[in-house]
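Q: Dumping the structure here so I can ask a few things about it.
Protein chains: 6
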Amino acid sequence: MSETWLPTLVTQTPQEGYELAVKLSRVAVKMTQPDGDVRAKIRADYEHDANALIAASSVVAVHFQTIAQANNHWKDR
Amino acid sequence: MSETWLPTLVTQTPQEGYELAVKLSRVAVKMTQPDGDVRAKIRADYEHDANALIAASSVVAVHFQTIAQANNHWKDR
Amino acid sequence: MSETWLPTLVTQTPQEGYELAVKLSRVAVKMTQPDGDVRAKIRADYEHDANALIAASSVVAVHFQTIAQANNHWKDR
Amino acid sequence: MSETWLPTLVTQTPQEGYELAVKLSRVAVKMTQPDGDVRAKIRADYEHDANALIAASSVVAVHFQTIAQANNHWKDR
Amino acid sequence: MSETWLPTLVTQTPQEGYELAVKLSRVAVKMTQPDGDVRAKIRADYEHDANALIAASSVVAVHFQTIAQANNHWKDR
Amino acid sequence: MSETWLPTLVTQTPQEGYELAVKLSRVAVKMTQPDGDVRAKIRADYEHDANALIAASSVVAVHFQTIAQANNHWKDR
Numbered sequence: 054m055s056e057t058w059l060p061t062l063v064t065q066t067p068q069e070g071y072e073l074a075v076k077l078s079r080v081a082v083k084m085t086q087p088d089g090d091v092r093a094k095i096r097a098d099y100e101h102d103a104n105a106l107i108a109a110s111s112v113v114a115v116h117f118q119t120i121a122q123a124n125n126h127w128k129d130r
Numbered sequence: 054m055s056e057t058w059l060p061t062l063v064t065q066t067p068q069e070g071y072e073l074a075v076k077l078s079r080v081a082v083k084m085t086q087p088d089g090d091v092r093a094k095i096r097a098d099y100e101h102d103a104n105a106l107i108a109a110s111s112v113v114a115v116h117f118q119t120i121a122q123a124n125n126h127w128k129d130r
Numbered sequence: 054m055s056e057t058w059l060p061t062l063v064t065q066t067p068q069e070g071y072e073l074a075v076k077l078s079r080v081a082v083k084m085t086q087p088d089g090d091v092r093a094k095i096r097a098d099y100e101h102d103a104n105a106l107i108a109a110s111s112v113v114a115v116h117f118q119t120i121a122q123a124n125n126h127w128k129d130r
Numbered sequence: 054m055s056e057t058w059l060p061t062l063v064t065q066t067p068q069e070g071y072e073l074a075v076k077l078s079r080v081a082v083k084m085t086q087p088d089g090d091v092r093a094k095i096r097a098d099y100e101h102d103a104n105a106l107i108a109a110s111s112v113v114a115v116h117f118q119t120i121a122q123a124n125n126h127w128k129d130r
Numbered sequence: 054m055s056e057t058w059l060p061t062l063v064t065q066t067p068q069e070g071y072e073l074a075v076k077l078s079r080v081a082v083k084m085t086q087p088d089g090d091v092r093a094k095i096r097a098d099y100e101h102d103a104n105a106l107i108a109a110s111s112v113v114a115v116h117f118q119t120i121a122q123a124n125n126h127w128k129d130r
Numbered sequence: 054m055s056e057t058w059l060p061t062l063v064t065q066t067p068q069e070g071y072e073l074a075v076k077l078s079r080v081a082v083k084m085t086q087p088d089g090d091v092r093a094k095i096r097a098d099y100e101h102d103a104n105a106l107i108a109a110s111s112v113v114a115v116h117f118q119t120i121a122q123a124n125n126h127w128k129d130r
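Residue numbers (this note's numbering), protein chains in the order written: chain A, 54 to 130; chain B, 54 to 130; chain C, 54 to 130; chain D, 54 to 130; chain E, 54 to 130; chain F, 54 to 130.
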C-alpha cells in the first residue's frame, strides 16, 4: 500500500466522517490479510454472523470517535 | 446510502443523544450487510443471545461518548 | 420509550454516576430486545456466565467514563 | 448497595488509582449478580480461563483511564 | 527488545500514523509470544478467521486514536 | 501487593510508556489470579491462542493511551 489512501481526517460532514471510519476499520483487515480472494471468502462467512457484524461495528465506533475529534465534532460548521 | 442520514451530532437532550448512538451502532451493520432479509434473520438470532446483546450495548456506549463530547455533555443547557 | 429517562448526565456523586452508567448499559439491551420476558430468560443465563458478566462490566466502564467527563470528574465538589 | 462505596475518584498515587479501578470493575459484576455464592462459583471458573482474565483486565484498563483523568494523571504531585 | 523501536508518536501524515498503529498492535503480541515460529503458525490460523481479523483491527483503532491525539490530528499541517 | 509498583505514569520515552502499559495489563491478571503456578499454566495455553494474544494487545492499547495522555504524548521532549 504505497499509494496515499489517508491524506487527512478532515471531512465536510459527520456522515462523511462515519464513512471514513468504516474505511479505516477495513484497512487493518486488508493489511493483515492482503489476499482479496481470502477476504472475500471470510466476508461471506461473517456477513451472516451477528457477533462479527457487531464487532465490526465496534471498530467503526472507535475510529468515528477519533475522526469526530479531528473535526472538532463538526461544531464549527 | 446516498441520502443524508447524519447531518449533525448535536442533539437537544442526552436521551436524544443516546438514541442517535443506537442508530450509529446499527448503520455499520447495515453497511456491512445491506440485505435487509439477512439482517432480519440474524437479528432474530442475536436478540436471544446475551453476549450479542451486551456487545451491541458496548458499541452504543462508544458512540454515546462521542456524541456526548460533541454536545459538551449537554452542560450548556 | 417516549418518556424521559435521561434528562441529564450530571450526578451529585461518583457513586450516583456509576449507578447511572449501569442504567445506560441496560437501556441499549432493552431497546434491542424490548420483550421483558425474553430479557428475564436471557438474564437468568448470563448471570451465571463469567464472560457475560465481565462484558457487561466493560460496557459500564465506558459509560462511567462518559459520565465522569460530564461531571468534570466531580472535582468541583 | 445503599452505603457509600465511591465517595471520590481522587487517589494519592497512581497505584491507589489502579486499585480503585479494580474495585470499580468488580462492582458492576456484583450489581448484576448479587448472590455471593454464585459469584464465588463463577470466580472459581474464570480464574483459570485466560480469556476471562484478559477481559477482566480490559475493564480495569478503561476504569484506570477514567481515574487517571480525574487525578490529572497525578502530575500535580 | 533493547533497541529503540518507538522513538516518537509523531508522524508526517495520518496514513503514517495508521501504519504506526498497526505496528504498535503487533508489538504487544511479540512481547507475549517472542517465538517467531509460533507466531507464524498462529498468524496462519487467524488470517482466515474473521473474528480475529476484526479484533486485530480493533486494537489498531485504539492505537490510532492515541497517535492521532499525539499529532493534534494532523490539523497543524 | 503492599509494595510500590506504580509510583508514576511518567516515562522518558514512548517506548518506556509502552512497556509500562504491558506491565499494567498484566497486574490486573495477577490481582485476579495471584497463584503464579496457575498463571504459568494459563499463560502456556494462551500464548498459542491468537484470540487471547490479540485481546491482551487490546488491553495494552488502552493503558498505552492513558500513559500517553499522562506524558502529554511526549511532545515536550
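All C-beta atoms in this analysis are idealised placements derived from N, C-alpha and C, irrespective of residue type, glycine included.
I want to know whether the region 89-98 of chain B touches the region 80-92 of chain A - three or more CB-CB distances under 8 Å.
A: Flag = no, the region 89-98 of chain B and the region 80-92 of chain A do not touch.
Q: How is Q122 (chain E) classed by DSSP in three states: helix, strand or coil?
A: Of the three classes helix, strand and coil, the one that applies to Q122 (chain E) here is helix, per DSSP.
Q: Counting only beta-carbon atoms, is Q65 (chain A) nearer than 7 Å to chain B?
A: Not one chain B Cβ lies under 7 Å of Q65 (chain A).
Q: Does the beta carbon of Y99 (chain A) come closer than 7 Å to any beta carbon on chain E?
A: Chain E, which has a Cβ nearer than 7 Å to the Cβ of Y99 (chain A), makes this yes.
Q: Is it true that the region 63-73 of chain A meets the region 66-80 of chain E, where meeting means three or more beta-carbon pairs spaced less than 8 Å apart?
A: No, they do not touch.
Q: Assuming contact is defined by CB atoms lying nearer than 7 Å, are I112 (chain A) and L106 (chain E) in contact in what I supplied?
A: The residue you asked about is not Ile; residue 112 (chain A) is Val in the sequence shown. Taking 7 Å as the Cβ cut-off, V112 (chain A) and L106 (chain E) do not qualify as a contacting pair.
Q: My guess is that S78 (chain E) and A114 (chain F) are in contact by the Cβ rule of under 8 Å, so how many angstroms apart are they, rounded?
A: Right, the Cβ-Cβ distance comes to about 7 Å (below 8 Å), so this counts as a contact.
Q: Is V113 (chain C) helix, strand or coil when you go by DSSP?
A: V113 (chain C): helix per DSSP, three-state reduction.
Q: Along chain A, in chain order, which residues have C-beta atoms closer than 7 Å to that of A127 (chain B)?
A: Just to set this straight, residue 127 (chain B) is Trp in the shown sequence, not Ala. Under the 7 Å cutoff, chain A gives no residues; its nearest Cβ is about 13 Å from W127 (chain B).
Q: Using only alpha-carbon positions, find the residue among F:T61, F:A123 and F:N104 that is nearest to H101 (chain E).
A: Residue F:N104 is the option with its Cα nearest to H101 (chain E).
Q: Out of B:E56, B:V63, B:S55 and B:Y99, state which residue places its alpha-carbon closest to the alpha-carbon of T119 (chain B).
A: It is B:V63 whose Cα lies nearest to the Cα of T119 (chain B).
Q: For chain D, find out if any of its Cβ atoms is closer than 7 Å to the Cβ of S78 (chain F); answer yes or no.
A: Yes - at least one Cβ of chain D is within 7 Å of the one on S78 (chain F).
Q: At what residues does the alpha helix (DSSP H) containing V82 (chain B) begin and finish?
A: First-last of the alpha helix (DSSP H) with V82 (chain B): P67 to T85.
Q: With 7 Å as the threshold, decide whether the Cβ of V75 (chain D) is near any Cβ in chain C.
A: Not closer than 7 Å to any Cβ of chain C, the Cβ of V75 (chain D) fails to qualify, so no.
Q: Just the chain D side, please: which residues come within less than 9 Å of A93 (chain F) by C-beta, in chain order?
A: Those do not exist, as A93 (chain F) stays about 12 Å from chain D at its closest Cβ, beyond 9 Å.
Q: If we define contact as Cβ-Cβ less than 7 Å, is V113 (chain D) a contact residue for chain F?
A: Yes, because at least one Cβ of chain F sits closer than 7 Å to the Cβ of V113 (chain D).
Q: Whose Cβ in chain F lies nearer than 7 Å to the Cβ of A194 (chain E)?
A: Nothing can be reported for residue 194 (chain E), as the shown portion of chain E is limited to 54 through 130.
Q: Return the CA-CA distance between A108 (chain E) and K76 (chain C), expressed in angstroms with no decimal places.
A: When rounded, the distance between both Cα atoms is 27 Å.
Q: Assuming K94 (chain A) is part of the alpha helix (DSSP H), what are its boundary residues?
A: Segment G89 to Y99, the alpha helix (DSSP H) holding K94 (chain A).
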